[in-house]
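Comments concern the structure below.
There are 2 protein chains.
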Amino acid sequence: MKARLTASRERIIAAALAIMAAHGYAGCSVAAVAERAGVATGSVYRHFPTKANLFAEVFRTASQREVDAVARAAALETSAAKQMAAVVETFSRRALQSPRLAYALLAEPVDPAVDAERLVFRRAYAELIAGYVAAGVASGELPSQDAELTATALVGALAEAMVGPLAAGVAGPETISALIAFNHRALGVSP
Amino acid sequence: MKARLTASRERIIAAALAIMAAHGYAGCSVAAVAERAGVATGSVYRHFPTKANLFAEVFRTASQREVDAVARAAALETSAAKQMAAVVETFSRRALQSPRLAYALLAEPVDPAVDAERLVFRRAYAELIAGYVAAGVASGELPSQDAELTATALVGALAEAMVGPLAAGVAGPETISALIAFNHRALGVSP
DNA sequence: GCAAGGATTGAACCACCATTCAATCCTTCG
DNA sequence: CGAAGGATTGAATGGTGGTTCAATCCTTGC
């Protein structure tokens, strides 16, 4: 019984995520999510107090997955330059693979309460990057700089550079390598 | 009479802008805008077919003003490095001066139709910057690079670096100079 | 001065959807 | 097996706020 409950909860989150990936946040009415999850509209409210609350969790889940993937890829590298390249590479590849979801997570207009979760998401990337930058500065690989600011700015750069292509639908490998070059310059990686 | 008409129209746009600057897009119900403009709710629809349409124009107007201010400041400079510094300086100073408006223009959740206008705004900045970058590359001041991508990424970096401070309320001159340093590195300005 | 035609008004309308809740269905435990 | 209690249902509710429109008011041209 308790299992059935958590299963329902999971199914609702999964359904919301699936609809976001297919039709964006705009397509996510509570009724649609419930139908896809195979429960009644009202049942959603047994698991989540409000729609915003549900989607806060959906965003958190999806974002964590993304940040984890990026962190995992970057952790394999040993220099700040390579770590940053891995971040860009992973982030971009994944975004281009699920453009609708990426757009929803990054830029689509959403409920303000859900928007707050987005800030957390972006900050998580920034923290991750800031760590690499700080280490790079400490080791002398990178010039002295405000690691937090660099990281924040890079997150913005990455997102902005992606949103266009996401809409347009195309961004080849050359865009990705150009982005990596940009990142290296911004970090002050010596050529 | 025709004068009265255009005057009304202007007043409506001005009222919308004023409310945005004070309470953000969220505070901009058609009724509130109409009241502030000194017209009846229904009259708004004599000038604009829909609310989204009205705000598209409001965004366009406000954005143009911002881009113009930045372009004017940058035009006084002669090297890409100085031009970019002027862009950052002007953009930041103005954003910090009207944080609520800046937030609305840059990041606040809005109607999708209005959101589209935001892309135009960001692209306008990007084009402006891309011009300076391309010139810098041509003159040999900057290393070879994809000027469009650099410009887009810098716009994202600038916006992202500002949104946090906008919410927090504070970003001193040291943030601005750090941002300029970031920009110079990203452009490949030789130290 | 006076119709005619357009501008203005603002209260009423309506669509949309998140949220609720009384009725119903299961699961569980004595 | 059979009640008790919680889970589930989905149609009804309600609030919000954009949009409309019949009535009224001005302006304009004769």
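These protein sequence lines are chains V and P, in that order. All residue numbers for the first sequence refer to my numbering, where the first residue is 120 and numbers rise by one. All residue numbers for the second sequence refer to my numbering, where the first residue is 120 and numbers rise by one. Note that beta-carbon positions come from the ideal geometry of N, C-alpha and C, so glycine has one too.
Contact check, residue i vs residue j, beta carbons under 8 angstroms
i: Ala-140(P); j: Ser-211(P); result: no
i: Arg-155(V); j: Ala-188(V); result: no
i: Ala-171(V); j: Thr-160(V); result: no
i: Ala-305(V); j: Thr-271(V); result: no
i: Val-113(V); j: Ile-138(V); result: For residue 113(V) there is no data in the structure shown, the boundaries of chain V being 120 and 310.
i: Ala-266(V); j: Ala-243(V); result: no
i: Glu-279(V); j: Gly-291(P); result: no
i: Gly-259(V); j: Ala-199(V); result: no
i: Pro-228(P); j: Val-229(V); result: yes
i: Arg-128(P); j: His-166(P); result: yes
i: Ser-296(V); j: Phe-240(V); result: no
Proximity test, Cβ basis, 8 angstroms: residue i and chain P
i: Asp-187(V); result: no
i: Phe-301(V); result: yes
i: Pro-218(V); result: no
i: Ala-81(V); result: For residue 81(V) there is no data in the structure shown, the boundaries of chain V being 120 and 310.
Any chain V beta carbon closer than 8 angstroms to residue i
i: Phe-178(P); result: no
i: Ala-297(P); result: yes
i: Gly-283(P); result: yes
i: Glu-279(P); result: yes
i: Thr-294(P); result: yes
Cβ shell of residue i (< 8 angstroms), same chain only, five flanking positions each side left out
i: Thr-180(V); result: Ile-132, Leu-136
i: Gly-307(P); result: Leu-261, Pro-262, Gln-264
i: Glu-196(V); result: Gln-202, Ala-204, Ala-205
i: Cys-147(P); result: Ala-135, Ile-138, Met-139, Phe-174
i: Ala-235(P); result: Ala-175
Close Cβ partners of residue i (< 6 angstroms) along its chain, the five nearest in sequence each way excluded
i: Ala-192(V); result: Ala-205, Thr-209
i: Arg-130(P); result: Ala-156
i: Ala-253(V); result: Ala-266
Contact belief for residue i with residue j at Cβ below 8 angstroms, rounded distance in angstroms
i: Leu-247(V); j: Val-186(V); result: 7 angstroms
i: Ala-175(P); j: Ala-232(P); result: 6 angstroms
i: Val-303(V); j: Met-203(V); result: The question names Val, yet the displayed sequence has His at residue 303(V). His-303(V) to Met-203(V), Cβ: 7 angstroms. Contact.
i: Val-282(P); j: Ala-190(P); result: Actually they do not touch by this definition, with Cβ atoms about 22 angstroms apart.
Contact test: residue i Cβ vs the ligand ATP heavy atom, cutoff 7 angstroms
i: Thr-209(V); result: The model on display carries no ligand, and the ligand ATP is accordingly not part of it.
Spatial neighbours of residue i in its chain, beta-carbon cut-off 7 angstroms, leaving aside the 5 residues before and after
i: Val-149(V); result: Thr-160, Val-163, Lys-170
i: Tyr-144(P); result: Ala-223, Glu-227, Val-229
i: Ala-151(P); result: Ile-138
query = Listed in chain order, which residues of the segment 263-275 of chain V have Cβ atoms closer than 8 angstroms to some Cβ of chain P?
reply = The segment 263-275 of chain V vs chain P, Cβ under 8 angstroms: Gln-264, Asp-265, Leu-268, Thr-269, Thr-271, Ala-272, Leu-273, Val-274, Gly-275.
key: Interfacial residues, the segment 143-167 of chain V to chain P, with Cβ spacing under 8 angstroms   = Ala-145
Residues within the segment 194-214 of chain P neighbouring chain V, beta-carbon criterion of under 9 angstroms = Of all residues in the segment 194-214 of chain P, none is placed with a Cβ closer than 9 angstroms to any Cβ belonging to chain V.
ask   = Along the segment 220-246 of chain P, what residues have a CB closer than 9 angstroms to any CB found in chain V?
value = Ala-226, Glu-227, Pro-228, Val-229, Asp-230, Pro-231, Val-233, Asp-234, Leu-238, Arg-241, Arg-242, Ala-245
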